[in-house]
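Asker: Could you have a look at this structure, given as structure tokens, before my questions?
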Amino acid sequence: MNALEQELKHLLIEVLNLEDITVEQIDSAAPLFGDGLGLDSIDALELGVAIRRKYGVRMDGDANAMRNHFASIANLARFVNDAATVR
Numbered sequence: 782m783n784a785l786e787q788e789l790k791h792l793l794i795e796v797l798n799l800e801d802i803t804v805e806q807i808d809s810a811a812p813l814f815g816d817g818l819g820l821d822s823i824d825a826l827e828l829g830v831a832i833r834r835k836y837g838v839r840m841d842g843d844a845n846a847m848r849n850h851f852a853s854i855a856n857l858a859r860f861v862n863d864a865a866t867v868r
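Residue 782 is where the sequence shown starts when you use the numbering used here, and the numbers rise one by one after that.
Below, the structure written as structure tokens:
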């Protein structure tokens with residue numbers, strides 16, 4: 782899953798214009814929000830749209846599930862991988 786995590790890190794940097802951050806600086810297990818990268822709800826929306834477009838993943842309306850999926854790059858990679866397997 783490391784390749785998918787790397788892709789998601791690149792996507793995160795590109796979509797959110799995080800010019801001062803490199804892929805190597807993003808810990809896959811670190812929180813994306815709050816004390817981690819400090820992303821906000823608008824960032825999550827933009828990232829979610831980019832993931833849906835790139836991977837064809839459908840996001841459900843369950844806020845708790847989405848919060849869990851977007852908790853870290855590792856969680857996002859698991860979510861994208863599992864969603865791709867189901868399709």
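Using N, Cα and C, we set each Cβ at its ideal position, and we do this for glycine too. In this text the structure is predicted, and so the values were computed from the model without any measurement.
Taking DSSP as the reference, what is the three-state secondary structure of Phe860?
Answerer: Translated into the one-based positions of the sequence shown, residue 860 becomes position 79. Helix at Phe860.
Asker: Given Ile832, which residues of its chain have a CB within under 6 Å of its CB, disregarding the five upstream and five downstream residues?
Answerer: The residue given as residue 832 occupies position 51 in the sequence shown. Closer than 6 Å at the Cβ level, and outside the excluded window around Ile832, lie Val838.
Asker: Could you say if the stretch 839-854 and the stretch 795-805 meet the contact criterion of at least three C-beta pairs nearer than 8 Å?
Answerer: no
Asker: At a threshold of 8 Å, does Val830 count as lining the ligand ATP (C-beta to nearest heavy atom)?
Answerer: Judged by which ligands are present, the structure shown has none, so any question about the ligand ATP falls away.
Asker: So, is His791 buried or exposed, given that buried needs 16 or more other C-beta atoms within 10 angstroms?
Answerer: Translated into the one-based positions of the sequence shown, residue 791 becomes position 10. His791 is exposed by the Cβ-count criterion.
Asker: Going by CA-CA distance only, name the one from Lys835, Tyr836, Ile802 that's closest to Ala820.
Answerer: Within the sequence shown, residue 820 is the residue found at index 39, counting from 1. Here residue 820 is Leu; the residue named in the question, Ala, does not match the sequence. The shortest Cα separation from Leu820 among Lys835, Tyr836, Ile802 belongs to Ile802.
Asker: Measuring only the C-alpha atoms, how far is Leu826 from Glu805?
Answerer: Taking the first residue of the sequence shown as 1, we reach residue 826 at position 45. Taking the first residue of the sequence shown as 1, we reach residue 805 at position 24. About 23 Å.
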